[in-house]
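Student: Handing you a structure now.
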Amino acid sequence: MGDDIWEWDPVYKEVTHLLDGYPFINNLTVYKDVLFFTATSNQYLYKIDLRTKEVELVIEKPIEQVSRQGAYLYVRLEDPERGPGEWLVVYTVEDMAEVKAVQDIENVNFYGPSNVYTNNNEPLNVKHSAPNFTDIVDLAVFSPTQFISIKYVHLARIFQSQDYIWYKRFLVAFQTQATTEYYFYDEQTEELTFIIGGTTFKSINSDNRLLYFVEEFSVRVYDFEDKRMIETITFNMSVYNLHIINHYMYFLSGNDNLYRYHKSYDAPVLAI
Numbered sequence: 227m228g229d230d231i232w233e234w235d236p237v238y239k240e241v242t243h244l245l246d247g248y249p250f251i252n253n254l255t256v257y258k259d260v261l262f263f264t265a266t267s268n269q270y271l272y273k274i275d276l277r278t279k280e281v282e283l284v285i286e287k288p289i290e291q292v293s294r295q296g297a298y299l300y301v302r303l304e305d306p307e308r309g310p311g312e313w314l315v316v317y318t319v320e321d322m323a324e325v326k327a328v329q330d331i332e333n334v335n336f337y338g339p340s341n342v343y344t345n346n347n348e349p350l351n352v353k354h355s356a357p358n359f360t361d362i363v364d365l366a367v368f369s370p371t372q373f374i375s376i377k378y379v380h381l382a383r384i385f386q387s388q389d390y391i392w393y394k395r396f397l398v399a400f401q402t403q404a405t406t407e408y409y410f411y412d413e414q415t416e417e418l419t420f421i422i423g424g425t426t427f428k429s430i431n432s433d434n435r436l437l438y439f440v441e442e443f444s445v446r447v448y449d450f451e452d453k454r455m456i457e458t459i460t461f462n463m464s465v466y467n468l469h470i471i472n473h474y475m476y477f478l479s480g481n482d483n484l485y486r487y488h489k490s491y492d493a494p495v496l497a498i
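The numbering of the sequence shown is the working numbering, which starts it at 227 and goes up by one.
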């Protein structure tokens with residue numbers, strides 16, 4: 227969280243100051259020329275026009291999380307007017323018209339025309355739905371004799387088979403009686419492959435065939451095509467908020483400095 231928003235061009239190494247004067251900025255997400263963000267101690271939802279730099283208050287309620295996929299904006303919040311508990315509200319991003327409000331939804335992975343997520347009422351099911359949480363089906367149902375619940379789901383790849391059917395591959399973190407265990411699931415073969423157990427990670431990300439498991443000062447890399455852990459990259463700094471863009475790692479460290487790393491580098495390079 228901070229009081230300013232900056233724009234960085236990784237090609238030309240140019241930094242542009244977009245906004246200041248809004249404390250506790252968080253939850254940035256972009257749609258065309260509009261940037262949504264939460265700010266102030268109340269974490270209200272705002273948007274800034276990236277062309278005119280005009281700022282507008284969008285939702286005057288405390289927001290916990292904001293995501294955008296396609297033409298939809300997903301806002302997670304507690305709203306006593308709707309009822310007790312946490313709500314995930316779907317809006318059309320162009321006009322902020324409410325589409326649907328749902329509860330007990332966790333681990334949402336947004337992609338293209340669909341969502342992959344878990345439901346608190348069915349702790350071992352991975353669900354698939356349309357972007358507005360209609361047309362819901364079970365993508366996978368796991369054994370209650372082996373696992374207690376699903377803690378985390380990360381959609382890693384979507385691919386089309388030779389018979390033109392789209393399949394998903396995703397990481398699943400299960401809670402067992404003793405620990406947390408990480409597996410990789412292939413929807414086409416229904417194969418569940420064990421990756422690692424007995425540890426927890428700060429975050430997980432992926433590119434086209436690799437999973438990145440973030441620890442305090444290192445990143446473990448797993449090849450889900452070959453089904454093996456291929457390396458552990460250790461840094462002389464802490465790692466958090468890792469993103470993978472065009473095979474480059476971008477992460478924060480220290481006093482929220484942004485670093486860039488590629489396997490051809492000797493060490494991470496300070497970006498901002």
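Just so you know, even glycine gets a beta-carbon here, dropped at the ideal spot from N, CA and C.
Quick one: measure Cβ to Cβ for PRO357 and GLY296, integer angstroms, because I've assumed they're closer than 8 Å.
Tutor: PRO357 to GLY296, Cβ: 6 Å. Contact.
Student: Does the beta-carbon of GLN269 have 16 or more other beta-carbons within 10 angstroms, so that it is buried, or is it exposed?
Tutor: buried
Student: Taking the continuous beta strand (DSSP E) assigned at ASN170, which residues delimit it?
Tutor: Outside the shown range of the chain (227 to 498) lies residue 170, about which nothing can therefore be said.
Student: What three-state label does DSSP hand MET463 in the structure shown?
Tutor: coil
Student: With a threshold of 16 other CB atoms inside 10 Å of the CB of VAL363, please say whether the residue is buried or exposed.
Tutor: Answer is exposed; the Cβ neighbour count stays below 16.
Student: Flag this pair as touching only if the region 267-285 and the region 330-340 have three or more C-beta atom pairs under 8 Å; answer yes or no.
Tutor: Result no; under three Cβ-Cβ pairs closer than 8 Å.
Student: Could you give the DSSP three-state label for HIS177: helix, strand or coil?
Tutor: Residue 177 lies beyond the residue range present for the chain, which begins at 227 and ends at 498; the question has no answer from this structure.
Student: Is it right to say TRP232 is buried, meaning 16 or more other beta carbons lie within 10 angstroms of its own, or is it exposed?
Tutor: exposed
Student: Compare the C-alpha of PHE439 against each of GLU451, THR460 and ASP452 and name the closest.
Tutor: THR460
Student: Could you tell me the distance, in whole angstroms, from the CA atom of SER340 to the CA atom of HIS354?
Tutor: 7 Å
Student: Looking at C-alpha atoms only, which residue of VAL316, GLN388 and LYS394 is the closest neighbour of VAL352?
Tutor: LYS394
Student: With distances taken between CB atoms, is the gap from PRO288 to ALA265 smaller than 8 Å?
Tutor: no
Student: Assign PRO494 to buried or exposed, taking buried as 16 or more other Cβ atoms, counted over all protein chains shown, within 10 Å of its Cβ.
Tutor: Classification for PRO494: buried.
Student: Can you tell which of TYR491, ILE430 and TYR409 has the C-alpha that lies nearest to the C-alpha of GLY423?
Tutor: TYR409
Student: Check the DSSP bridge columns for SER293 and list the partner residues they point to.
Tutor: TYR300
Student: Taking the beta carbon of ARG454 as the centre, do at least 16 other beta carbons fall within 10 Å, making it buried, or is it exposed?
Tutor: exposed
Student: Taking all protein chains shown into account, decide if PHE466 is buried (16 or more other Cβ within 10 angstroms of its Cβ) or exposed.
Tutor: According to the sequence provided, residue 466 is Tyr. The question's Phe does not apply to it. So TYR466 counts as exposed.
Student: Would you check if the distance between the CB atom of TYR257 and the CB atom of ARG302 is smaller than 8 Å?
Tutor: no
Student: Does DSSP put TYR390 in a helix, a strand or coil?
Tutor: In the structure shown, TYR390 falls within a coil segment according to DSSP collapsed to helix, strand and coil.
Student: Could you give the residue range of the beta strand (DSSP E) that holds VAL256?
Tutor: For VAL256, the uninterrupted beta strand (DSSP E) run begins and ends at 240-257, by DSSP.
Student: For VAL315, which residues from the same chain have a beta carbon less than 6 Å from its beta carbon, with the 5 sequence-adjacent residues on both sides left out?
Tutor: VAL301 and ALA327
Student: What separation, rounded to the nearest whole angstrom, lies between the Cα atoms of ILE471 and THR405?
Tutor: 31 Å
Student: For LEU365, count neighbouring Cβ atoms within 10 angstroms of its own Cβ and tell me buried if that reaches 16, exposed if not.
Tutor: buried
Student: Identify which residue in LYS239, GLU348 and ASP229 has its Cα closest to the Cα of TYR485.
Tutor: LYS239
Student: Short check: CB of GLN401 to CB of PHE373, under 8 Å?
Tutor: yes
Student: Under the three-state reduction of DSSP, which class applies to ALA493: helix, strand or coil?
Tutor: coil
Student: I need the straight-line Cα distance from ILE456 to TYR491, nearest angstrom please.
Tutor: 18 Å
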